[in-house]
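Remarks on the structure that follows.
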Amino acid sequence: MIRLYNLDFCKLEIYHNYMVAVMNEGIVVCTLKNSILIKIAEKHFKKTPFVYITHRLNSYAVDPIIYIKTAEVSNLIGFAVVSNDPKQKILTTYEKSFFKKEFKQFENLEAALIWKDDIVKKNNDDTTSISKQKKSTN
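FYI, in this note's numbering the residues of the sequence shown are 46 to 183.
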């Protein structure tokens with residue numbers, strides 16, 4: 046882990062190419078809280094492609110409008126929801142409709158991390174391929 050934030054609404058762990066958030070019980074993830082998370086991501090990841098993982102251990106609400114703004118973070122390449130609660134699967138399907146990038150639900154953190162590794166690798170492969178194409182046309 047690179048950094049741990051204990052915010053008033055969540056615990057946020059920052060790693061090399063991903064972040065894991067555990068929201069506090071009973072909060073509402075609104076645009077203000079989301080903008081704090083985005084600022085932290087921009088500070089740590091700058092231009093590095095990364096994945097956001099929310100580990101839903103507690104019960105809380107999310108304003109789905111935040112996903113529109115979150116999807117605008119250019120180097121955010123994926124969003125994972127970790128929960129084995131059947132109700133969360135239904136909510137995740139709804140939330141996914143607001144997010145126009147990779148968005149997936151997992152029953153455990155290990156599965157989410159495997160997926161994260163896959164999409165980071167795919168993104169790196171795609172970036173390398175584009176760079177090679179640009180060099181060959183010059």
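Ideal Cβ placement from N, Cα and C applies to all residues, glycine included.
Given 7 Å as the limit, tell me if residue 89 has its C-beta closer than that to any heavy atom belonging to the ligand HEM. The ligand HEM is absent from the structure shown, which contains no ligands of any kind.
Tell me the rounded alpha-carbon separation between residue 48 and residue 54. Indexing the sequence shown from 1 puts residue 48 at position 3. Indexing the sequence shown from 1 puts residue 54 at position 9. C-alpha separation (whole angstroms): 17 Å.
Same chain only: Cβ atoms within 7 Å of residue 145, ignoring 5 sequence neighbours per side: In the sequence shown, counting from the first residue as 1, residue 145 sits at position 100. Around residue 145: 116.
Ignore the nearest five residues each way along the sequence and tell me which others in residue 108's own chain have a CB closer than 6 Å to its CB. The count along the sequence shown starts at 1 and reaches residue 108 at position 63. So the qualifying residues of the chain are 75.
For residue 80, which of 60, 159, 113 has the nearest alpha-carbon? Translated into the one-based positions of the sequence shown, residue 80 becomes position 35. Ranking the options by Cα distance to residue 80, first place goes to 113.
I think residue 125 touches residue 157, with their Cβ atoms under 8 Å apart; what is that distance to the nearest whole Å? Taking the first residue of the sequence shown as position 1, residue 125 is located at position 80. Taking the first residue of the sequence shown as position 1, residue 157 is located at position 112. Indeed, because the Cβ distance is near 4 Å, the residues count as touching under 8 Å.
In angstroms with no decimal places, state the Cα-to-Cα distance between residue 118 and residue 130. As a first step, residue 118 is located in the sequence shown; it is residue number 73 there, counting from the start. As a first step, residue 130 is located in the sequence shown; it is residue number 85 there, counting from the start. Whole-angstrom Cα-Cα distance: 28 Å.
Please state whether the Cβ-Cβ distance between residue 46 and residue 59 is less than 8 Å. Numbered from 1 along the sequence shown, position 1 holds the residue referred to as residue 46. Numbered from 1 along the sequence shown, position 14 holds the residue referred to as residue 59. Taking 8 Å as the Cβ cut-off, residue 46 and residue 59 qualify as a contacting pair.
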